[in-house]
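Protein chains in written order, with our numbering: chain Y, 2 to 227; chain B, 2 to 227.
We put the CB at the ideal spot given by N, CA and C, even for glycine.
Number of protein chains: 2
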Amino acid sequence: MERPYRIGVLGGTGAQGSGLALRLALAGHELVIGSRDGARAASAAAQLSARAGRTIAGSENRAAAAAAEIVILTVPYAVQRATVEHVLDQLHGKVLVDSTVPLVPPKVGTVALPEGGSAVAAIQRLAGEKVRVVSAFQNVSAQHLGELDHEVDCDVLVCGDNRAACDLVIALCADMSMRALHAGSLANSAAAEALTSVLITINRRYKVAGAGIRITGLPGSGARGG
Amino acid sequence: MERPYRIGVLGGTGAQGSGLALRLALAGHELVIGSRDGARAASAAAQLSARAGRTIAGSENRAAAAAAEIVILTVPYAVQRATVEHVLDQLHGKVLVDSTVPLVPPKVGTVALPEGGSAVAAIQRLAGEKVRVVSAFQNVSAQHLGELDHEVDCDVLVCGDNRAACDLVIALCADMSMRALHAGSLANSAAAEALTSVLITINRRYKVAGAGIRITGLPGSGARGG
């Protein structure tokens, strides 16, 4: 870790956001989780703080974005765009890490990418040049994230059009003992987004709880941390 | 292997098709490789036969499709549709295994899925109900396929709307010592197709030759063979 960052996790009361917040807090970063409901965020933050043995703050999404240097988005696809619009002016100059998967209930095991291919790439178009959007964490099982006693057996595909922002996210993953890989431009987020429906299908078909992916063919340590 | 199948590999003079033909022939199946140029197919087949120590036939694509019970398509995206149209009436009642990746040169490292999401799903719409289309092999490195002295360190994502056809393809993969997984309906082929551009990006970025994927979180043997 280069230095502790102030990191906001919007939708941080959910399973995936909570897991990321916990692991980042344990790595020494300063965390604030956001929710549409500030009181709910505060309550969830108190519980997470107890688990982490460190203070994790909680507030309404917009305040969480304002307080953070790096913002991670972990909300359902249905409210992805509205959440970003709600906090947008607080994101200028910052890195927005979007983990959104465009699942279309009830058929979440079927790939249904939006027009244009990637739900995250659409957020970069919405947010404009002042926000550096990075795609990550689509394939990481929320259940495994929350089990702090073991490492997550899943690579993180990191896509983005700004190389330094991708490097930063890859470093944050390393802080959480997760291997992350440069997976190309933001358009390539479509691969990670689509893969989640495949993993959901595999979970059901093979009766497992948290299938993930590993990239093979890389030297043992050369890929870690980019 | 349940029994030897007669398998045609269209575009079988290319690296990926040749690798699949070799491995399937070594597993005991009867192979015929197809090409637009029958003489070229015959010449390539003679070379493959020498490598395999078994007879692999070669002929023009249409004759190869006619001779086969199972047809594997390994042609560039630019000629995918035309190739299927050319052989279509020879596919009725058969399984068509399509490995096409919708790469758009020169930016092959950038995901560029066609409208509708999946290039393979589009072929099922073209071919109609009489042909059972299965998507497979998009993520398997042609180089590794051709290196017969080692197993391919990559899972095969198998997508299709016909369960028995998918089971058949998974069994063929097992014959080649490759683990294949039911990855959902044909729409989910978009994930495998998109992932190939990610793997190309990773090959370049990390200076490796044949990155692949493994699904994690599965019991050791439970997933093999479906």
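Is residue 212(B) close to chain Y, meaning its C-beta is less than 8 Å from at least one C-beta of that chain? For residue 212(B), the nearest CB of chain Y lies under 8 Å from its own CB, placing it at the interface with that chain.
Taking C-beta pairs closer than 9 Å, name the residues in chain B that residue 183(Y) reaches, listed in chain order. Near residue 183(Y) (Cβ distances below 9 Å), the residues of chain B are 202, 203, 206, 207.
So which residues of chain B does residue 100(Y) contact, with C-beta pairs closer than 7 Å? Those do not exist, as residue 100(Y) stays about 16 Å from chain B at its closest Cβ, beyond 7 Å.
is_contact[residue 146(B), chain D] using C-beta, thresh 8 Å: No chain D appears in the structure shown, which is made up of the protein chains Y and B.
Since residue 9(Y) and residue 76(Y) are thought to touch, with beta carbons under 8 Å apart, how far apart are those beta carbons, to the nearest angstrom? Not a contact, Cβ separation roughly 12 Å.
For chain B, find out if any of its Cβ atoms is closer than 8 Å to the Cβ of residue 162(Y); answer yes or no. The beta-carbon of residue 162(Y) is placed no less than 8 Å from the nearest beta-carbon of chain B.
For the alpha helix (DSSP H) that residue 97(B) lies in, which residues bound it at each end? It is not in any alpha helix (DSSP H) - residue 97(B) instead sits in the beta strand (DSSP E) that spans 96-99.
Using 8 Å as the Cβ pair cut-off and three pairs as the minimum, do the segment 200-216 of chain B and the segment 93-112 of chain B touch? Between the segment 200-216 of chain B and the segment 93-112 of chain B there are three or more C-beta pairs closer than 8 Å, enough to call the two in contact.
Opening and closing residue of the beta strand (DSSP E) in which residue 61(Y) lies: Per DSSP, residue 61(Y) is one residue of the beta strand (DSSP E) stretching across 57-61.
Residues bridged to residue 160(B) [DSSP beta-bridge criterion]: According to DSSP, which records beta bridges pairwise, residue 160(B) is partnered with 136(B).
Assuming residue 195(B) contacts residue 158(B) (C-beta within less than 8 Å), just tell me the rounded distance between them. Approximately 11 Å separates the beta-carbon atoms of residue 195(B) and residue 158(B); this is outside 8 Å, ruling out the contact.
Within the continuous alpha helix (DSSP H) that includes residue 111(B), where are the two ends? No residue range can be given for residue 111(B), since it is assigned to no alpha helix (DSSP H) and is classified by DSSP as neither H nor E.
Interface flag, residue 126(Y) vs chain B, CB-CB below 8 Å: Contacts with chain B at 8 Å (Cβ-Cβ) do not include residue 126(Y).
Given a limit of 7 Å on CB to CB distance, which residues of the segment 71-102 of chain Y reach chain B? For the segment 71-102 of chain Y, the beta-carbon criterion of a distance under 7 Å to any beta-carbon of chain B is satisfied by none of its residues.
Spell out whether any CB of chain Y is found under 8 Å from the CB atom of residue 223(B). The predicted position of residue 223(B) is uncertain, since its pLDDT is 39 and thus under 50; a value taken from the coordinates is nonetheless stated next. Interface residue, yes.
Among 90(B), 147(B), 96(B), 153(B), which residue has its Cα nearest to the Cα of residue 16(B)? Of the listed residues, the one whose Cα sits closest to residue 16(B) is 147(B).
Can you tell me the Cα-Cα spacing of residue 100(Y) and residue 20(Y), whole angstroms? Cα to Cα, the separation comes out at about 13 Å.
Cα-Cα separation between residue 129(Y) and residue 139(Y), rounded to whole angstroms: Their Cα atoms are separated by approximately 22 Å.
Along chain B, in chain order, which residues have C-beta atoms closer than 9 Å to that of residue 62(Y)? The premise fails here: residue 62(Y) is roughly 29 Å from chain B at the closest Cβ pair, so nothing lies under 9 Å.
Take the Cβ of residue 3(Y) as the centre, count every other Cβ of all protein chains shown within 10 Å, and call the residue buried at 16 or more, exposed below. Residue 3(Y) comes out exposed.
Below 8 Å between beta carbons: does that hold for residue 127(B) and residue 160(B)? No, the pair does not count as a contact, with Cβ atoms beyond the cut-off.
According to DSSP, is residue 1(Y) helix, strand or coil? Lying outside 2 to 227, the shown extent of chain Y, residue 1(Y) is not represented and no answer is given.
Which of helix, strand or coil does DSSP assign to residue 142(Y)? Coil at residue 142(Y), not helix or strand.
Touching or not, the segment 89-98 of chain B and the segment 162-171 of chain Y, by the rule of three or more beta carbon pairs under 8 Å? The segment 89-98 of chain B makes no contact with the segment 162-171 of chain Y: fewer than 3 CB pairs, one atom from each, lie closer than 8 Å.
Residue-chain proximity (residue 168(B), chain Y), Cβ-Cβ < 8 Å: Answer no: the Cβ-Cβ gap between residue 168(B) and chain Y never drops below 8 Å.
Nearest chain Y C-beta to residue 155(B) closer than 8 Å, yes or no? Chain Y contact via Cβ: present.
Thinking C-beta only, is residue 42(Y) closer than 8 Å to residue 35(Y)? Yes, Cβ-Cβ distance for residue 35(Y) and residue 42(Y) is below 8 Å.
Residues of the segment 106-125 of chain Y with a CB closer than 7 Å to any CB of chain B: list them in chain order, please. Flagged, chain order: 110, 111, 112, 114, 118.
What are the boundary residues of the alpha helix (DSSP H) that includes residue 21(Y)? Note, residue 21(Y): alpha helix (DSSP H), 16-27.
Pairwise C-alpha distance: residue 65(Y) and residue 154(Y): Those two C-alpha atoms are separated by around 29 Å.
Have a look at 24(B), 32(B), 23(B) and flag the residue whose alpha-carbon is nearest the alpha-carbon of residue 6(B). Nearest to residue 6(B) by C-alpha distance, out of 24(B), 32(B), 23(B), is 32(B).
C-beta neighbour in chain Y for residue 218(B), strict 8 Å: Chain Y, which has a Cβ nearer than 8 Å to the Cβ of residue 218(B), makes this yes.
Exposed unless 16 or more other CB atoms sit within 10 angstroms - verdict on residue 227(B): Residue placement at residue 227(B) is flagged as unreliable, the pLDDT there being 35, under the threshold of 50; the coordinate-derived value follows with that caveat. Taking every protein chain shown into account, the CB of residue 227(B) has 16 or more other CB atoms within 10 angstroms, so this residue is buried.
Is it the case that the Cβ atoms of residue 215(Y) and residue 56(B) are separated by a distance below 8 Å? The answer is no: Cβ separation not under 8 Å.
Spell out the partners DSSP gives residue 71(B) in its beta bridges. Note: residue 71(B) sits in a beta bridge opposite 8(B), 96(B).
If we cut at 8 Å on Cβ distances, does residue 180(Y) have a partner in chain B? Judged by the 8 Å Cβ criterion, residue 180(Y) is not in contact with chain B.
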